[in-house]
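Here the structure comes first, spelled out in structure tokens, and everything after it is commentary.
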Amino acid sequence: MAPTGKAASGQRNGETAADAPRRTFAIISHPDAGKTTLTEKLLLFGDAIRLAGQVRARGERRRTQSDWMEMERSRGISITSSVMTFDHDGIVFNLLDTPGHEDFSEDTYRTLTAVDSAIMVIDAAKGIEAQTRKLFEVCRLRNIPIITFVNKVDREGRDPFELLDEIESGLALDVTPLMWPMGMGGQFYGVYDLQTNQLLTSDRGRGGAFSQRIQFEGPDDPKLDERIPEHILSAFRESLELALAGYPEFDPKAYRDGHMTPVIFGSALYDYAVDELLQALATHAPAPRPQPAEPTEVRPEEDRVTGFVFKVQANMDPNHRDRIAFLRLCSGRFQRGMKLRQARSGKTMAVHNPIFFFAQERELAEEAFPGDIIGIPNHGTLRVGDTLSEGAEVRFTGIPNFAPEILRRVRLDDPMRAKQLRRALEDLAEEGVTQVFRPLLGSEWIVGVVGQLQLEVLASRIAAEYKIAAGFETAPYEAARWVTAEDPAEMKRFQERHRASMAEDRDSGPVFMARNSWELNRTIQDWPKIGFHKTRERA
Ligand code: G4P
């Protein structure tokens, strides 16, 4: 059976059909906006867990059970809670984790290539923050539809219009509110559902946790006056009128095409609009979408089983070189034991022990459907970007490398080990752990990563698996961009002019390394016929 079992035991409607509709999504946010709290509440409202707080607790328990990465244990970070599957009201939800704190990495970006939609969580007091913007840009690369959840409206926050305008102009997205706050902070009375005319409020009145939904005829319903103080209600009515006049109506197609984001004001901590968010996902978020591939895109209804690996997790214990590859299924009906062909090597592998990741535990996956994520244990044969398929010649595209945000020079303690170091770096780059660059001048390697944790993983694996003592030093560069030009002569001129700043990636693709963002912007301006790219398709 596909996702049923434990995660479904709290179902109201009984068993969910194995091939039920899927919603495969991620939450994008800046640290502290409330992603963990919202994840817990989604799992709770989705009946996947009994008590909020278990997302954190689960990590603790699992660490005693398994011998996953040493680093994970010592640092208490949950690199392994990558997928949380739960089923609710006949729909299977696959929530893919996008690690955001110190474990932010290229995997965080790549995970977004495996989802069909995203929830963008914004702190009502802070608006759009740096990491949200970065993750949003990755969503935009694939036109991933986004539902926005403005969190913490129970606290003093910024004016709703200011927040909506920031999304609209800052991210170039049309916005349409689905819920509207009634007061904020000390004057918070709840949120009003514009589609159903229900007020989500607390039976304790001002500031309490969500406990009741009250039906009204509309925002002008006199019954509202009986419950809400005059000054709060008049401000609410006035702002809502402006909002209704000023923002377009929700357009499901514009949302699915990635041009419009419905906005839900709520509070994850106090349960406001969490259920509405889940409903919005169920009703509006797309089912598994066709995936870009060569020779042609793969549609989920195709019979042959296909999928791609978007993440590989290694066990740091050198005696257990096992890995888990996370495969997003794109078409067909997968069954345990099935033989799948790896496009890169042309070899066939039998998948005997695929794993499902439920909210609270893992299970052998007997059967899986498009949109599902299965973990495949392997000894290093599967790599990020790999396509697995039933027979047919197909290769998924659009699982790129992302421009590194941290660049370091590799310092080798024993120069006699240069060849081994090269092999280690090339291996680990192929696996997707890091990116490597070879400057045109000089002989030292530069490694590029998106987050600090990636560097630490790299260092431990070089030491544990390749027995090489190497360290990382500050490199004179802050940014890297892949460069292309239609005119080879222009590219040659560019490379000659910037010889000291040029490097090659592991596929010999030309990369421009800038000392700082000023230099990068200046160079982009000065060379209009050169394309500067933040992503590059993995070869
Ligand atoms: P993250 O995963 O995005 O980093 O955020 P997380 O959920 O851990 O939330 C960050 C902080 O914001 C937590 O407080 C959390 O309780 C609080 N928070 C989340 N959602 C809401 C909300 O809707 N309203 C209010 N008022 N607070 C919210 P903390 O004090 O840092 O941690 P904790 O001790 O409460 O766990």
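According to our numbering, the stretch in the sequence shown is residues 1 to 539, in order. Glycine residues also receive a C-beta, built at the ideal position from the N, C-alpha and C atoms.
So is Asp526 buried or exposed if we call it buried at 16+ other beta carbons inside 10 Å?
-> exposed
From Arg395 to Asn401, what does the alpha carbon distance come to, in whole angstroms?
-> 16 angstroms
Coarse secondary structure for Asp87, derived from DSSP in three states = strand
Just checking my contact of Ala268 with Gly34 at CB under 8 angstroms: how many whole Å lie between their CB atoms?
-> 5 angstroms
In terms of residue numbering, what span does the alpha helix (DSSP H) encompassing Pro252 cover?
-> Pro252 to Arg256
Three-state class that DSSP yields for Lys339 in the structure shown | strand
Pull every residue with its beta-carbon under 7 angstroms away from any heavy atom of ligand 1, and keep them in chain order.
-> Ser29, Pro31, Asp32, Ala33, Gly34, Lys35, Thr36, Thr37, Leu38, Gly100, His101, Val121, Asn151, Lys152, Asp154, Arg155, Ser267, Ala268, Leu269 and Tyr270
In chain order, what residues of the same chain lie with their CB nearer than 6 angstroms to the CB of Glu168, ignoring the 5 residues before and after it?
-> Val175
With DSSP run on the structure shown, which of helix, strand or coil describes Thr434?
-> coil
Span of the alpha helix (DSSP H) around Phe45 = Lys35 to Phe45
Determine the DSSP secondary structure at Phe188, reduced to helix, strand or coil.
-> coil
Sort out for me which residues DSSP pairs Ile374 with in a bridge.
-> Leu327
Quick one, are the C-beta atoms of Glu106 and Gln454 less than 8 angstroms apart?
-> yes
Which residues mark the beginning and the end of the beta strand (DSSP E) in which Leu388 is found?
-> Thr387 to Ser389
Gly531 - partner residues in DSSP beta bridges = Thr484
Is it a yes or a no for the stretch 507-520 touching the stretch 107-119, going by three-plus beta-carbon pairs under 8 angstroms?
-> no
Using the beta-carbon count (16 or more within 10 Å), is Met416 buried or exposed?
-> exposed
CB contact flag (Pro292, Pro300, <8 angstroms) | no
Name the one or two DSSP bridge partners that Met260 has.
-> Asp174
Thr261 and Thr113: beta carbons closer than 8 angstroms?
-> no
Contact belief for Phe357 with Ser82 at Cβ below 8 angstroms, rounded distance in angstroms | 7 angstroms
Given a threshold of 16 other Cβ atoms within 10 Å of its Cβ, counted over all protein chains shown, does His231 qualify as buried or as exposed?
-> exposed
With distances taken from CA atoms, which of Leu520, Arg481, Glu431 and Arg499 is nearest His533?
-> Arg481
Alpha carbon to alpha carbon, what distance is there between Asp103 and Asp97?
-> 11 angstroms
For Gly471, the first and last residue of its enclosing beta strand (DSSP E) = Ala470 to Thr474
Does the distance from the C-beta atom of Gly183 to that of Gly157 stay below 8 angstroms?
-> no
Three-state secondary structure assigned by DSSP to Gly246 | helix
Short Cβ contact (8 angstroms threshold) for Arg411 with Glu504 | no
Check whether the stretch 382-389 touches the stretch 426-444, taking contact to mean three or more Cβ pairs, one atom from each stretch, closer than 8 angstroms.
-> yes
Excluding the 5 residues preceding and the 5 following Asp193 in the sequence, name in chain order all residues of the same chain whose CB lies nearer than 6 angstroms to its CB.
-> Met179
Should Pro415 be flagged as near chain D, meaning a C-beta pair shorter than 8 angstroms?
-> Given the protein chain composition of this structure (a single chain), no chain D is represented.
Can you name the residues that DSSP bridges to Arg411?
-> Gly471
Please determine, among Ser443, Glu465 and Tyr189, the residue with the shortest C-alpha to C-alpha distance to Arg204.
-> Tyr189
Where do the ends of the beta strand (DSSP E) carrying Trp518 lie?
-> Per DSSP, Trp518 belongs to no beta strand (DSSP E); it is in the alpha helix (DSSP H), Ser517 to Asp526.
Segment limits, alpha helix (DSSP H) that includes Val121 | Where Val121 is concerned, there is no enclosing alpha helix (DSSP H), although the beta strand (DSSP E) it sits in stretches over Ser117 to Asp123.
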